[in-house]
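Convert by adding 4 to the 1-based position in the sequence shown; the result is the number in our numbering. Glycine included, each C-beta is placed from N, C-alpha and C at the ideal position.
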Amino acid sequence: MAGDRKIGVAMDFSGSSKRALKWAIDNLADKGDTLYIIHISSNSLDESRNALWATNGSPLIPLAEFRETEVMKKYDVKPDIEVLDMLDTASRQKEIHAVAKLYWGGDAREKILDAIEDLKLDSLVMGSRGRGTVQRIILGSVSNYVMTHAPCPVTIVKESSNSSKH
């Protein structure tokens with residue numbers, strides 16, 4: 005079924021989500037696949053847009069628009085050069101399609117599950133913050149929750165043990 009899969013990557017622009025994107029591109033994405041960058045923003049947009057996009061998120065944003073600063077300003081997202089470079093390279097070398105889908109407000113865990121359903125994803129890749137047991141119990145783990153409740157396979161990309169922590 006390679007070539008027409010819908011692969012989601014949960015992206016908060018942290019190091020762990022960028023590692024998840026790199027892993028998805030290197031190990032999962034194949035010619036003809038669509039890579040969905042899913043971003044949940046805690047910011048709220050102006051009320052008219054928020055009402056329009058609160059439930060279903062933004063329209064799909066093609067990579068060409070995702071890289072334009074003016075377009076991303078209207079979505080209240082700052083373009084990340086590292087992420088854009090990875091997507092550009094993958095788009096050219098692996099011949100994949102890359103699009104972004106943005107959601108606002110609410111619980112990130114539930115919004116990611118909504119995105120899986122809305123986009124009919126075949127799989128989801130996300131990073132792990134590497135929190136300790138106590139922090140996970142107190143704060144909850146987005147990746148653990150999504151992995152448990154998602155209707156599709158979920159790959160959690162952990163921080164490698166040889167990564168330096170600053």
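Between I42 and A14, the gap from beta carbon to beta carbon is short of 9 Å. The segment 76 to 92 makes no contact with the segment 115 to 130: fewer than 3 CB pairs, one atom from each, lie closer than 8 Å. Note on geometry: alpha-carbon atoms of S164 and A33 lie some 21 Å from one another. Within the model, the alpha-carbon separation for V150 versus V103 is close to 21 Å.
Residue state for A14 is assigned as strand, using DSSP reduced to three classes. Taking I160 as reference, the option from S21, M76, H101, K77 with the minimal CA-CA separation is S21. Membership of T159 in the beta strand (DSSP E) is indicated by the continuous run 158 to 161. Unbroken beta strand (DSSP E) runs of no fewer than 3 residues, entirely contained in the segment 88 to 148, are found at 101 to 108, 127 to 131, following chain order. Bridge pairing for L25: absent [DSSP]. In the three-state scheme derived from DSSP, where H, G and I count as helix and E and B as strand, L64 is classed as coil. Within the DSSP bridge table, the entry for T38 names K10, H101 as partners.
For V75, the enclosing alpha helix (DSSP H) covers residues 73 to 78. Only residues of its own chain outside the window of five on either side were considered, and among them I11, C156, P157 have a CB closer than 6 Å to the CB of S127, listed in chain order.
If you check the CB distance, L64 and V129 do not come in under 9 Å. At the C-beta level, I44 and M90 stay beyond 9 Å of one another. For the pair Y107 and D92, the Cα-to-Cα distance works out to about 22 Å.
Residue environment for I85: exposed (fewer than 16 other C-beta atoms within 10 angstroms of its C-beta).
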